[in-house]
Amino acid sequence: MQNAPAPLSDSVLNSLNDAQRQAVETTEGPVLVLAGAGTGKTRVLVTRLAHLLRSNLAFPGQILAVTFTNKAAQEMKHRVSSLMGGAPVEGWWLGTFHALAARMLRRHADLVGLQSSFTILDQDDQVRLIKQLMEAENIDTKKWPAKMLADKISSWKDKGWMPAQVGPDQTGDLAGGKLGSIYAQYQQRLKTLNACDFGDLLLHMIHILKDPRNADVLADYHRRFKYILVDEYQDTNVAQYLWLRLLAQGSNNICCVGDDDQSIYGWRGAEVDNILRFEKDFPGAAIIRLEENYRSTGNILSAANAVIANNEGRLGKQLFTSHGDGEKIKVRGLWDGEAEARWVGEEIEALQFKKYSLDDIAVLVRAGFQTREFEERFIQLGLPYRVIGGPRFYERMEIRDALAYMRVVNQPNDDLALERIINTPKRGLGDTTVQTLYTHARAKGISLYSALQDLMQTDELKPKVKTTIMKLVDDFERWRSMASNTSHTDLAKHILDESGYTAMWQGDKSPEAPGRLENLKELVSGMEEFENLPVFLEHVSLVMEAQNNDAGTEQVSIMTLHGAKGLEFKCVFLPGWEEGLFPSQRSMDENGLKGLEEERRLAYVGITRARERAYISHVANRRMYGNWMSAIPSRFVDELPEDHIDVQAETGLHGNAGGRSSHWDSSGFGVEYAARKTSYIDGVSSKVSSKADVTNQNGFSRGDKVFHEKFGHGTVIHMDGQKLDINFGKSGTKRVMDSFVTKAD
DNA sequence: TGGATTCGCGTTTTT
DNA sequence: CGCGAATCCA
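Offset between the first sequence (1-based) and the numbering used here: plus 5.
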C-alpha cells in the first residue's frame, strides 16, 4: 500500500479525459459522477478509493464508503480487497447506509437513551408493536391497518422527521388524527425496549450529530473521515442525505456516483432530487458525466435511450457505445402467459444451441407473481433456473437454529450444526467445553458428536458439564429413534419443545420473540409438504445453495427488475410489458406522472441489463387474481424505436398477423377477449377444457351444472380439494364446500 | 384454544 | 386464484 499509484488500465478510466481522471482520482471537494448504465460507475468509485489509499491521501479508517444494498457492499469490499492485493477490509467504514449508521449509533447509543446493545427490529416487529399501541388507543385496526401506519411512520423517518416535526398537516385524519401521538408513543416504547427500527438508525444519528451539545462527536467524525464515497446516489432518501451532509461538512470531500435515470426506489423514499440538487447542496462541486457504455450493443442502447427520453425531469445524457449494432431487440406479442413462458423457453433453448451459458440468461419480471409461470415451464423443460430474491426465510436465526437441531438428529456427524446449537439454549456448555470437545475430536479424528459420547464416559469434564452432555446425547438419541415411528413434523415439534428452544423464545421479553415463535411454527407446517426429514433437509440445503449463487450447474436467473439492478447478462428476457402490469397501474394511480416515470426508469434499467440480446414480450390475456384480464401492450413497447427492434406477433392471434403488435386494432382485440371470457365461464373452450377432465374427490368436475341450497343453480369452474368455485351467473362466482352442492343436469 | 371456514385483498424491497 | 388474517364454533 506504500507504493506509487498503480497504472490504471481500466477501460473506464481510459475513457476519461485528463481533467476527469484527475477529478475522479484526487479532487478535493465535492464530486458528482453522473454515469449512465453500463459505464462502470462502481469501478470509478473503487478506483478513487484505491488511489486515495495507494497515494497515502488517506488510510482505510479515514474513508467512508457507502452503498445502497448489501450486495453492492459485498461487491465493493471484494473489489477493493483485490485491488489492494487481498488485504482484508473488515473494520473499514465500508458498507450500507444502515450497517454503517448502526455501527455508529452503537458507539453513541447513550446519547439517545439507548444501550449500545440495542436490538434492531424488522418490519414485522414494527407492525406488531404499532398494532399494540393502536389497540390500547382503541383505534380501529380494520379502518387503519397497522401496516399502513407503520409504513407512514417509516416514510417520515426516511424524510428525517422526528415525532416533533410531524403535525396535523402530515397526519391528516389518519387513525382519527392520532397518528402523530402513536408515532411519539412508538418511539417511547422502542426506547424502553432498548430497540430501534431501521429508520431510527439514521434518524438517531442525525439527531445526535445535529445537536450542538454533541459538537465533539461530530468533530470527531469530521477528523476521522477525510473522504466520503457514495454509490447509487440517486437512491438515497432524505435521512441518508442529511446524515451524509452532516458528515461531509468536515472535509467536504464527498464523491457521489449515480444515475438519475436509474432511480427506482422512489416508493421507498428515494429522492431523485438529491442527485438533481447536488450542485446546490455542495457548492463548487465538480460534475463528471460518463456517457460511454461498455456493456451493451448499439441496438440495445438505442432502444434504452429512446425509451428513457420520454421522461421529463432528467439531468439528461445520451449514452453511446463503440460496440457494433448487434442483434435487434426481439419484440413479441403472445396469446397468454402460458404461451409467453413457452416462447421464452424456446428462445432459451435456441440460445443454448448458440452456445450461450444459462448463467448468461436472465428473465426480468415486473412483479414477483410473474415468476411462477416461468418456473412451471422451466421445470417441464428440465431447464435449471434460480429465482433470485426468493425466500430469505431459511436465513433467519431461529430457523437456522431449528434446522441445526434437525440436522444433528438426521446426521450426528454434522459438526457445524451441532456447534451451532450445543449451547442454544444456554445449558452451560460454553466455549471452553466446546474447545475441549474439539481438541478431543481432532486428536482422535472423530466427529464432535462422537467426542460428546466419548467424553461423557470419562472424568475429563466437570461433573455438572458431564451430566448436561449426557442429557443432550440422550435427547438426540431419543429423537433419532422417534424418527422411525413419528411423522417428521411431529418430530420437529418434539425437538423444539424438549430441547428448550421454544421455551427460550417464550421466555424472551424482546419484541422480536413473538415473530420468531411464529416463524418456527411456519417452519414446522412448511415441512408437511415433504415426505420425511431427510427430503426436507435436502430441499433446504438446495434452496440455500441456489441462493449461494454458484451451485455448480448453469442456471437461468429469474428475478424482478428491482433485483436486477447493478447486474448484467448477455441475454435478457423482459416479459409482461402490458399496460397495468408494466407500467404498474398502482404506481400510476398513486403517483401519477411521477409514478409513470419511475416505471419508465425501470424499463430503462431492464433493457440496459442486456449486453448482447434483449427480448421483450406482452400478452393479450393475463390471468390476474384468478380472472382473465384483457391487456394491451405497454406504452413502453410503442416507445421502442422501430429501427432497433424486430417485431413478431403470433399468427392468428388477432386480425393483424405479422403486424406490429402494439398497433392491434382495439375493436378486434375486444372481440377476441369477449369470446375467450365467455368460453372460460362456460368451461367449454379448448384452453379451459384441458383441465375439465379433472374430478375432485367427491366426484365434481369442471363444467358440472350444480345446485346450491343458498345460491341456486351454477356451474363449477374450479376445484380445490373440497372447495368448489361456482359461477352463479348474476350473483357472481362463489367458493363453497362441495357438501352444500348437489349435481344438477 | 385451536381447527375449520370464510373473508379480503393483491407492486416493487432494503436494512 | 391463493394466501394470510379474521372469525366462528365446538
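Yeah, the Cβ is synthetic: ideal placement off N, Cα and C, and Gly gets one too.
Nothing here was measured: the structure is a model prediction, and the numbers come from that model.
Thinking just about the alpha-carbon of each residue, which of Lys-136, Pro-65 and Thr-197 is nearest to the one in Leu-119?
Thr-197
Within the same chain, show all residues whose beta-carbon is closer than 7 Å to that of Met-487, passing over the 5 residues directly before and after it, in chain order.
Leu-496 and His-499
Shortest alpha-carbon distance to Leu-122 belongs to which of Arg-112, Ala-220 and Tyr-299?
First, the residue type needs correcting, since residue 122 is Ser and not Leu in the sequence shown. The shortest C-alpha separation from Ser-122 is found at Arg-112.
Leaving aside the five residues before and after Ile-259 along the sequence, list all residues of the same chain whose C-beta is less than 6 Å from its C-beta, in chain order.
Pro-35, Ile-233 and Ala-253
Assigned exposure category for Val-540 - 16 Cβ within 10 Å defines buried:
exposed
Would you tell me roughly how many angstroms separate the C-alpha atoms of Thr-656 and Val-624, rounded to the nearest one?
Reliability of the predicted coordinates at Thr-656 is poor, the pLDDT of 44 falling under 50, and the value obtained from them is presented with this limitation in mind. The straight-line gap from Cα to Cα measures roughly 13 Å.
Does the distance from the CB of Met-516 to the CB of Ala-314 come in under 7 Å?
With the sequence shown as reference, residue 516 is identified as Pro, and Met is not the correct amino acid for it. No. Outside cutoff.
Between the CA atoms of Leu-39 and Lys-570 - distance to the nearest angstrom:
17 Å
Output yes or no for whether 7 Å exceeds the beta carbon distance between Cys-576 and Asp-365.
yes
Determine the burial state of Ser-667: buried for a count of at least 16 other Cβ atoms within 10 Å of its Cβ, exposed for fewer.
A caution first: Ser-667 carries a pLDDT of 30, below 50, which makes its placement in the model unreliable, though a value can still be read off. Result: buried.
Let's see if you can read the secondary structure: which residues bound the beta strand (DSSP E) around Tyr-270?
Counting along the chain, Tyr-270 falls outside any beta strand (DSSP E), and DSSP gives it neither H nor E.
Suppose contacts are defined by Cβ-Cβ distances below 7 Å. Is Asn-304 in contact with His-649 by that definition?
yes
Sequence-distant residues of the same chain with beta carbon closer than 8 Å to Ser-695, five excluded per side
With a pLDDT of only 27 at Ser-695, under the threshold of 50, the placement of this residue in the model should not be trusted, and no figure is reported.
How many Å lie between Gly-165 and Gly-172 at the Cα?
14 Å
Where does Tyr-630 land, buried or exposed, given buried means 16+ other C-beta within 10 angstroms?
exposed
Taking the alpha-carbon of Lys-46 as reference, which of Leu-434, Asn-415 and Asp-236 has the nearest alpha-carbon?
Asp-236
Just mark Gly-688 as buried or exposed, buried being the case when its beta carbon has 16 or more other beta carbons within 10 Å.
Confidence at Gly-688 is low in this model, with a pLDDT of 23, below 50, so the placement of that residue is unreliable and no value is reported for it.
Under 7 Å between C-beta atoms of Tyr-443 and Leu-423:
no
Can you check which of these residues, Ala-311, Ser-256, Lys-360 and Leu-154, is closest to Ala-131 by C-alpha distance?
According to the sequence displayed, residue 131 carries Gln and not Ala. Per the Cα distances, Leu-154.
Extent of the continuous alpha helix (DSSP H) to which Ile-293 belongs
Here Ile-293 belongs to no alpha helix (DSSP H); instead the beta strand (DSSP E) covers 291 to 295.
Nearest to Val-243 by CA position, among His-227, Phe-102 and Gln-440, is which residue?
Phe-102
Span separating the alpha-carbon of Gln-25 from that of Pro-168
44 Å
Pull up the CB-CB distance for Thr-441 and Leu-466, whole angstroms please, since I reckon it's below 8 Å.
7 Å
Residues that DSSP places opposite Asn-632 in a beta bridge
Met-629
Straight-line gap, Lys-449 to Pro-417 (C-alpha atoms, nearest Å):
17 Å
Going residue by residue through the stretch 146 to 182, where are the continuous alpha helix (DSSP H) segments of at least 4 residues, counting only ones entirely within it?
151 to 164 and 173 to 176
Using beta-carbon positions only, say whether Leu-69 and Trp-97 come within less than 7 Å of one another.
no
Give me, in chain order, the residues of the same chain whose beta-carbon lies closer than 7 Å to that of Ile-213; leave out the 5 immediate sequence neighbours on both sides.
His-113, Leu-116, Val-117, Asn-219 and Val-222
For Gln-25, which three-state DSSP category applies?
helix
Cβ-Cβ separation, Ala-346 to Glu-378 (assumed contact under 8 Å), whole Å:
4 Å
Ignoring anything shorter than 4 residues or poking outside the stretch 333 to 419, list the alpha helix (DSSP H) runs there in chain order.
342 to 358, 376 to 386 and 402 to 415
What residue from Ile-292, Gly-90, Thr-72 and Leu-134 has the CA that sits closest to Ala-106's CA?
Thr-72
Which of the three DSSP states is assigned to Phe-73 in this structure?
coil
Just list the residues that DSSP pairs Thr-747 with in beta bridges.
Phe-712
First and last residue of the uninterrupted beta strand (DSSP E) at Phe-578
574 to 579
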